[in-house]
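Take 49 as the starting number for the sequence shown in my numbering and just add one per residue.
C-beta: ideal position from N, C-alpha, C; glycine also.
Predicted model, so just to flag it, every value in this text is computed and none were measured.
This report refers to the structure that appears directly beneath it.
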Amino acid sequence: MAGELLQDAAALREQLRSWRRHLHAHPELSGQEEKSAAFIARELRALGYSPVERVNGTHGILVTLHVRDDAPLVALRADIDALPITEETGVEYASTNPGVMHACGHDAHAAMLLGAAALLQKHRARLKRSVRLLFQPHEESYPGGAPDMIAGGALDGVGEVFGIHISSMLPTGQLGTRVGPFMAAVNSLEIRVVGRGGHAAMPNLCIDPIVTASQIVTALQTVVSRSIAPSEPAVVSVTQFHAGTTHNVIPNEAALNGTIRTFDEGVRQTVLTRVREVAEAVARGCGAEAHVTLGPGYPVLVNDAATTERALAAARQVGIQDAQIQQLAPQGGAEDFAYYGRKAPASFVFLGAASEAKQSVYPHHHPKFNVDEDALAQGAALHAQFALGT
Ligand code: NI
């Protein structure tokens, strides 16, 4: 049976490639996925589905393959948006939308889930539970598309959720994941340090925001090292420091920006509280003021143990050997799939699509990013197998 699914997926190779290349050539930014959604809905109708479009007013699409009422549904999710990047791959199906590019593989995600839709239609009689397919917009920027999908009923009646992210960091044929906290929670950090400017030769008449902000940058290094247990991963990075205009003027203000990554909600709250306290107290000690803005971001993505076990069993069913399954460390990147995991047991996996021969080795969000299209059939089969169970 397992071999049959993979064979059926392999027979879809040309179709999968054509879906992916169409979406790749016509990328749309987060929240603007109108044509991508229309294309996906059209293909779903051609496969015999009745997609629900414009979920909660977005370009999201929900499709339910209904086989029974007395068991929770299984949900499969693909994201469909692209990035503000000018493509430099040189492929013949490159972006025709200037400055916009599918540089994270979401074109592949949509194609794989369309492939799963085709496979599940064919293997419908084998389904033990109903299946909902989630084509989700707006993953690449906060507040994300997942909350809208959930508000629009994506997880109503759902017992577990699976997501696949294609990866140019893993060779084609490999799969990577981990149980527990897998991808980081994110908060942005902005600190405006207000002092009192004046002549650089008379610092005693000024409150120097550069010296103050410098001490804040240094003091922030103690938040993780002194307030968080060594066993808990967390990052506070100051990434921008802007102040001053010339050599003989002490400016009024300095501006700091940065990012905070954590993998536990309690740790997140502690870090956010300490960052604010430290910045404000150091500024006060210098006679200045620190105005701290902590921007919201995606929560931590947590993989449920039992659901991830089923994901790995499905992977083996579609021919991914144990030796090809990587137990990954927590990843510093963020994903709005995290929201689904807060509502239902969820598992998110990376599917390898890196190939030297096919030049798909550039990192995600790089202008030369590409995926090995051989992974598409495997991804489609894997999605279908998640739904079918093992
Ligand atoms: Ni992505």
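(request) Return yes when at least one heavy atom of ligand 1 lies under 7 Å from the C-beta of H153, else no. (result) The sequence given here has Gly at residue 153, not His. True, at least one ligand heavy atom lies under 7 Å from that Cβ.
(message) Just to confirm before moving on: does the CB-CB distance between I258 and A302 stay below 8 Å?
(response) yes
(message) If you reduce the DSSP assignment to three classes, tell me which class A382 lands in.
(response) coil
(request) Compute the minimum distance between the beta carbon of E81 and the heavy atoms of ligand 1, and state whether it is under 7 Å. (result) no
(message) For I264, tell me which candidate among G246, V283, R240, T112 has the shortest Cα-Cα distance.
(response) R240
(request) Mark M197 as exposed unless 16 or more other C-beta atoms lie within 10 angstroms of its C-beta, in which case mark it buried. (result) buried
(request) Give the range of the alpha helix (DSSP H) segment to which R102 is assigned. (result) Note, R102: premise wrong, no alpha helix (DSSP H); not H, not E.
(request) Could you please give the first and the last residue of the uninterrupted beta strand (DSSP E) stretch that includes V111? (result) 109-113
(message) Out of V340, R316, G314, which one is the CA nearest neighbour of V326?
(response) V340
(request) Name, in chain order, the residues that DSSP records as bridge partners for L121. (result) V206
(message) Going by DSSP in three states, I128 sits in which element: helix, strand or coil?
(response) coil
(message) For a test of the three-state rule: what should DSSP assign to R358, helix, strand or coil?
(response) helix
(message) Do E188 and D451 count as a contact pair if the criterion is CB distance below 8 Å?
(response) No information on residue 451 is available, as it lies outside the stretch 49 to 438 that the chain covers here.
(request) With a 10 Å radius around its C-beta and 16 neighbouring C-beta atoms as the bar for buried, classify D352 as buried or exposed. (result) buried
(message) Are the CB atoms of A432 and L168 within a distance shorter than 8 Å?
(response) yes
(request) Measure the alpha-carbon distance for G335 versus P299 and round it to whole angstroms. (result) 15 Å
(request) Use the C-beta contact count for Q288: other C-beta atoms within 10 angstroms, 16 or more gives buried, fewer gives exposed. (result) exposed
(message) In this structure, how does DSSP classify E52 when only helix, strand and coil are distinguished?
(response) helix
(message) Rounding to the nearest angstrom, what Cα-Cα distance links Y382 and A232 in this structure?
(response) The question names Tyr, yet the displayed sequence has Ala at residue 382. In a straight line, the C-alpha of A382 is about 5 Å away from that of A232.
(request) Tell me, please, whether the stretch 134-154 touches the stretch 68-77 by the rule of three or more beta-carbon pairs shorter than 8 Å. (result) yes
(request) Counting only the same chain and skipping the five closest in sequence on each side, list residues whose C-beta sits under 7 Å from that of E135. (result) A142, S143, M149, P415
(message) Helix, strand or coil for P251? Go by DSSP, reduced to three states.
(response) helix
(message) If you reduce the DSSP assignment to three classes, tell me which class G147 lands in.
(response) coil
(message) Taking only three categories from DSSP, how would you classify A89?
(response) helix
(message) What does the Cβ neighbour count give for N252, buried or exposed, with the cut at 16 atoms within 10 Å?
(response) exposed
(request) Taking 8 Å as the cut-off, decide whether the C-beta atoms of L203 and Y410 are in contact. (result) no
(message) If you follow the alpha helix (DSSP H) that H157 is in, where does it begin and where does it stop?
(response) 154-170
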